[in-house]
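Under the working numbering, the first residue of the sequence shown carries the number 15, and numbering increases by one thereafter.
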Amino acid sequence: MQKDNISRDSIGVSAGETSSGKTYSWIVLLGTLIVYILTCCRTIYVGDSGELTLALSTGGIAHPPGYPLYTILGYVWLKLFSFLRPALGANLFSAAAASVASVLLFKLLEKIGRGNIPSNINAALAFVFAFSFTIWSAATAAEVYALSALLYIAALYFIVDYFRTGERRPFFAAAFFCGLIMTHHFSAIVVAISLPAAMIARKQWPNFRTILSAVIAFILPLSLYIYLLLRFDPTLPVNWMSEQSMTALWKLFSGENYQQFVAISTFGDFFLFIRKTFSQWFIDFGPALMLLALPGLFFGLRRNFRLTIIMVLPAALNLFMVSCYQIPDYGGYLIPAIITIIILISICLTSCWKYVSHKSWLTVLVILCLIALSIATNFPRCDISKFTLAERYGRDLLDSTPENAILLLKSDNGSHPALYLHYLENHRPDIELYSSYSTLTRFMQKYTMSAFLNPGWMGPPGRRVFRGMEYLILPDLPMDPPIRVRQGFVYGSLYSNQDNGREYEFHRPSTDSTMDRSIEGFVLDTLPIIQFPDDYKAAQVAMEYQLLLLDIYGGSGNEQGMQRVWDDLNKIVEQTSDPQTALTVVRYCKIRPWFSQIPLLKLAESFDPPGYIRKDILINWASYYRSIGDLSKAAEVLRQALSIDPDFNTARYNLNLVEAHIATQAGNWAAAIDAYEILHQLDNQNPLPLYNIAILMERMPGRAMDALNYYRRFLQATEISSTQDFANAVAGAKQRIEVLETLDDSINAQPPYNPKLK
15 MQKDNISRDS
25 IGVSAGETSS
35 GKTYSWIVLL
45 GTLIVYILTC
55 CRTIYVGDSG
65 ELTLALSTGG
75 IAHPPGYPLY
85 TILGYVWLKL
95 FSFLRPALGA
105 NLFSAAAASV
115 ASVLLFKLLE
125 KIGRGNIPSN
135 INAALAFVFA
145 FSFTIWSAAT
155 AAEVYALSAL
165 LYIAALYFIV
175 DYFRTGERRP
185 FFAAAFFCGL
195 IMTHHFSAIV
205 VAISLPAAMI
215 ARKQWPNFRT
225 ILSAVIAFIL
235 PLSLYIYLLL
245 RFDPTLPVNW
255 MSEQSMTALW
265 KLFSGENYQQ
275 FVAISTFGDF
285 FLFIRKTFSQ
295 WFIDFGPALM
305 LLALPGLFFG
315 LRRNFRLTII
325 MVLPAALNLF
335 MVSCYQIPDY
345 GGYLIPAIIT
355 IIILISICLT
365 SCWKYVSHKS
375 WLTVLVILCL
385 IALSIATNFP
395 RCDISKFTLA
405 ERYGRDLLDS
415 TPENAILLLK
425 SDNGSHPALY
435 LHYLENHRPD
445 IELYSSYSTL
455 TRFMQKYTMS
465 AFLNPGWMGP
475 PGRRVFRGME
485 YLILPDLPMD
495 PPIRVRQGFV
505 YGSLYSNQDN
515 GREYEFHRPS
525 TDSTMDRSIE
535 GFVLDTLPII
545 QFPDDYKAAQ
555 VAMEYQLLLL
565 DIYGGSGNEQ
575 GMQRVWDDLN
585 KIVEQTSDPQ
595 TALTVVRYCK
605 IRPWFSQIPL
615 LKLAESFDPP
625 GYIRKDILIN
635 WASYYRSIGD
645 LSKAAEVLRQ
655 ALSIDPDFNT
665 ARYNLNLVEA
675 HIATQAGNWA
685 AAIDAYEILH
695 QLDNQNPLPL
705 YNIAILMERM
715 PGRAMDALNY
725 YRRFLQATEI
735 SSTQDFANAV
745 AGAKQRIEVL
755 ETLDDSINAQ
765 PPYNPKLK
């Protein structure tokens with residue numbers, strides 16, 4: 015008994031497509047497309063929707079890896095449908111890609127089943143795939159995942175065809191589509207492992223010329239990246255490239271900005287990921303269908319081991335890769351595994367069909383149940399046809415900006431709707447709007463002052479979401495160096511800054527009272543009845559409004575309103591089950607300490623987050639312990655963070671800062687000086703450690719002249735950076751230099767200098 019016989023009928027490939035297969039292809043295409051059109055978002059959506067719509071509309075350069083294929087196809091699509099609102103047109107592009115992917119999956123199932131299961135069952139499984147939560151949600155807003163599914167299925171289709179026939183045409187086609195995947199979303203590239211696996215499984219290697227031709231077919235699509243190099247334009251509203259060079263292109267292609275999210279999972283992290291993933295799959299397909307995948311794997315391995323391995327191997331690699339890319343919204347990255355689940359369900363039905371095929375009524379019942387179950391389960395969560403929260407957020411963000419101001423946003427999910435509205439719908443043309451990543455090149459071209467070029471003032475990327483306004487530069491303030499008023503749509507406009515003794519405070523415009531009432535009404539009346547999709551980004555936008563209302567109530571002293579909003583906030587955080595969302599509220603509590611951070615930090619821990627988020631939680635615990643004066647406990651949790659990631663410089667910096675304070679309190683000046691020296695090495699843009707070293711040296715016998723040198727070094731460092739943040743320290747350093755320079759050799763006998771450290 016040869017279970018690996020390629021010609022075996024249990025899992026085979028049909029020679030051609032029947033007329034009924036063509037009919038069902040059209041049914042799948044039109045059926046899915048109609049549902050997607052009815053349920054797609056009519057305006058801009060949360061997440062990357064605004065940025066991607068901008069990229070498609072302007073031919074811009076999107077976030078890594080740049081998506082040249084998606085951009086070119088989408089640009090042509092929007093030109094064809096130029097009569098539509100750009101946001102709607104981009105959303106429909108995703109719908110079309112998902113519908114074509116569903117048709118290709120139907121054709122793949124037909125090949126695998128080789129007539130052993132009716133075409134209507136395979137069509138039903140294609141509908142199950144199309145109406146799973148992950149695919150349906152990717153089809154109703156501007157996102158890259160629908161096209162990613164299409165390319166993956168196409169590549170797998172030709173790999174299976176090559177495995178069956180050994181012909182050169184599907185071999186080249188498979189290599190070509192694997193290359194196309196490299197011009198799009200890298201999560202689907204795992205399918206490439208199936209091509210050499212098919213070559214090995216066939217035990218008949220192609221000749222060298224054929225392999226070389228396949229390599230060329232793989233490399234050829236990569237030439238699309240030349241488009242990004244040629245398209246580089248500093249004036250583009252979306253442009254993630256820093257310059258027109260191969261180095262900049264490589265940084266974009268390799269996703270250098272996202273390497274902070276890549277970490278090898280521990281066993282605990284991996285099992286947590288698997289648990290959450292299976293929970294998501296049960297939402298996608300329901301328990302009944304998911305239970306069919308396991309016997310499908312068993313039947314597949316038993317009846318045609320090699321072909322099953324070819325189809326399952328990329329899914330296993332996909333699970334491992336995504337578990338190492340530790341982001342909370344990874345659903346779209348698991349599309350290869352979702353496709354494999356559908357294939358395994360099909361194999362299970364194929365193996366069992368001979369026992370029930372004589373009952374024709376059962377065929378109809380199975381079809382109706384499969385489709386109805388998927389639609390009934392996911393429709394309430396995937397219908398975003400009336401979802402306008404993202405557009406409302408973008409408009410409120412822009413409308414809260416003073417006239418003729420310069421607004422720099424973080425390129426997070428909260429800023430993308432504002433970018434779309436400003437650049438494509440000309441909302442608030444009086445202001446200048448930039449994003450610190452996607453429009454940073456445009457910003458730098460216009461403002462080349464050294465203060466702007468210093469990356470330190472923008473803060474580390476990827477640590478918070480939906481921050482709204484990061485920096486607001488008012489037209490009546492000096493620009494060199496700029497007075498950066500940290501406003502924040504969420505956090506209010508109550509910050510002030512100083513420049514050489516002059517204080518600048520931004521007061522909210524008189525129209526803000528009207529806006530406050532509008533936002534209050536929106537949060538109280540409209541927000542609770544919005545049917546949020548199961549998208550944590552949408553929940554975070556709702557959370558931002560709750561934070562703003564909390565700020566409004568806090569300013570007016572409405573304690574009852576504050577408590578009500580706080581309770582709603584905690585519900586949102588619990589619903590997201592996302593520790594980063596909890597940490598966003600924790601950071602708010604640091605700025606507006608009306609409520610304790612402790613319950614939120616404990617809640618973030620209860621979500622059992624992976625390593626890279628767990629270390630962020632520990633950093634926040636350390637900040638809390640420092641605020642209450644428990645330095646030893648702060649040092650302990652910082653060491654725990656470093657044990658998770660030894661290269662976590664934020665934890666290392668804070669640990670040295672805490673150790674410097676501990677040593678200072680203990681009177682161990684030498685240890686404190688060593689800690690401050692390390693601080694200066696870790697962040698040479700911050701001159702304050704030099705000032706503190708000088709103070710500590712004055713406290714030590716015989717070190718006054720060393721202190722004088724450090725005071726001078728501190729002043730030299732402040733000449734390079736802005737002095738506005740160190741005004742008091744600069745004044746103190748100048749005073750001490752005057753004193754120390756007048757002293758003679760008896761300086762060692764002077765009493766210790768004991769000012770407060772900065």
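Where a beta carbon is used, it is the ideal one built from N, C-alpha and C, also for glycine.
- Rounded to whole angstroms, Thr249 and Arg56 show a C-alpha spacing of 28 angstroms.
- By alpha-carbon distance to Asn440, the top candidate from Arg99, Tyr59, Leu87 and Cys54 is Arg99.
- DSSP, read as helix, strand or coil, puts Glu573 in helix.
- The alpha carbon of Arg216 has as its nearest neighbour, out of Phe222, Ser208 and Arg223, the alpha carbon of Ser208.
- Counting along the chain, the unbroken alpha helix (DSSP H) around Glu755 starts and ends at Ala741 to Glu755.
- Per DSSP, the unbroken alpha helix (DSSP H) holding Glu712 starts and ends at Leu702 to Glu712.
- Annotation: the continuous beta strand (DSSP E) that includes Tyr448 extends over Glu446 to Ser449.
- With a beta-carbon spacing of about 4 angstroms, Phe120 and Ala140 fall inside the 8 angstroms limit used to define contacts.
- Annotation: the continuous alpha helix (DSSP H) that includes Ile240 extends over Tyr239 to Arg245.
- Going by C-alpha positions, Ser641 is about 11 angstroms away from Val672.
- Taking the C-beta atoms as reference points, Trp150 is found nearer than 8 angstroms to Asn392.
- Exclusion of the five residues before and after Gln611 leaves Val600, Cys603, Lys604, Asn634 and Tyr638 as the residues of its chain whose Cβ lies within less than 8 angstroms of its Cβ.
- CA-to-CA, the gap between Pro607 and Tyr567 works out to about 13 angstroms.
- Residue burial is scored here from C-beta neighbours: Glu733 has fewer than 16 other C-beta atoms within 10 angstroms and is therefore classed as exposed.
- Contact between the segment 84 to 101 and the segment 305 to 323 is absent: fewer than 3 CB-CB pairs across the two stretches fall below 8 angstroms.
- Assigned with DSSP and collapsed to three states, Tyr81 falls in coil, not helix or strand.
- Inter-residue distance for Ser268 and Pro78 is about 7 angstroms (C-alpha atoms, whole angstroms).
- According to the DSSP assignment, Ile135 belongs to the alpha helix (DSSP H) that extends over Ser133 to Ala144.
- Taking a cut-off of 8 angstroms for Cβ pairs, the segment 301 to 312 and the segment 151 to 161 do not touch, as fewer than three such pairs fall below it.
- In this structure Val60 touches Ala552 by the C-beta definition: roughly 5 angstroms separates them, less than 8 angstroms.
- Classified as exposed, Glu573 has fewer than 16 neighbouring CB atoms from the shown chains inside 10 Å of its CB.
- Among the bridge pairs identified by DSSP, Asn253 is matched with Ile75.
- Secondary-structure assignment with DSSP links Val276 through a beta bridge to Tyr339.
- Counting C-beta pairs with one atom in each stretch, the segment 645 to 655 and the segment 614 to 625 have fewer than three that are closer than 8 angstroms, which means they do not touch.
- Counting C-beta pairs with one atom in each stretch, the segment 325 to 340 and the segment 377 to 390 have fewer than three that are closer than 8 angstroms, which means they do not touch.
- Within the same chain, Cβ atoms closer than 8 angstroms to the Cβ of Gly193 are found at Ala231, Phe232, Ile233, Leu234, Pro235 and Leu236, the five residues on either side in sequence being excluded.
- Each of Thr261, Gly345 and Trp264 was checked against the Cα of Phe292, and the nearest Cα belongs to Gly345.
- If the five residues before and after Pro431 are omitted, its C-beta is found closer than 7 angstroms to the C-beta atoms of Ile58, Gly64, Ala404, Glu405, Tyr407 and Gly408, all from its own chain and listed in chain order.
- Taking 8 angstroms as the cut-off, the beta carbon of Leu106 is found closer than this to the beta carbon of Phe95.
- The residue from Glu417, Thr528, Leu722 and Ala330 with its alpha-carbon nearest to that of Val205 is Ala330.
- Taking all protein chains in view, the Cβ of Leu44 is surrounded by fewer than 16 other Cβ atoms within 10 Å, so the residue is classified as exposed.
- Setting aside the 5 residues that flank it on each side, Leu47 is surrounded in the same chain by Ala109, Ala110 and Ser113, each with a C-beta closer than 8 angstroms to its C-beta; the list follows chain order.
- Cβ contact annotation for Arg727 (same chain, cutoff 6 angstroms, sequence separation greater than five): Leu704, in chain order.
- In the three-state reduction of the DSSP assignment, Trp219 falls in the coil class.
- Contact between Leu170 and Leu438 does not hold, since their C-beta atoms are separated by about 36 angstroms, which reaches or exceeds 8 angstroms.
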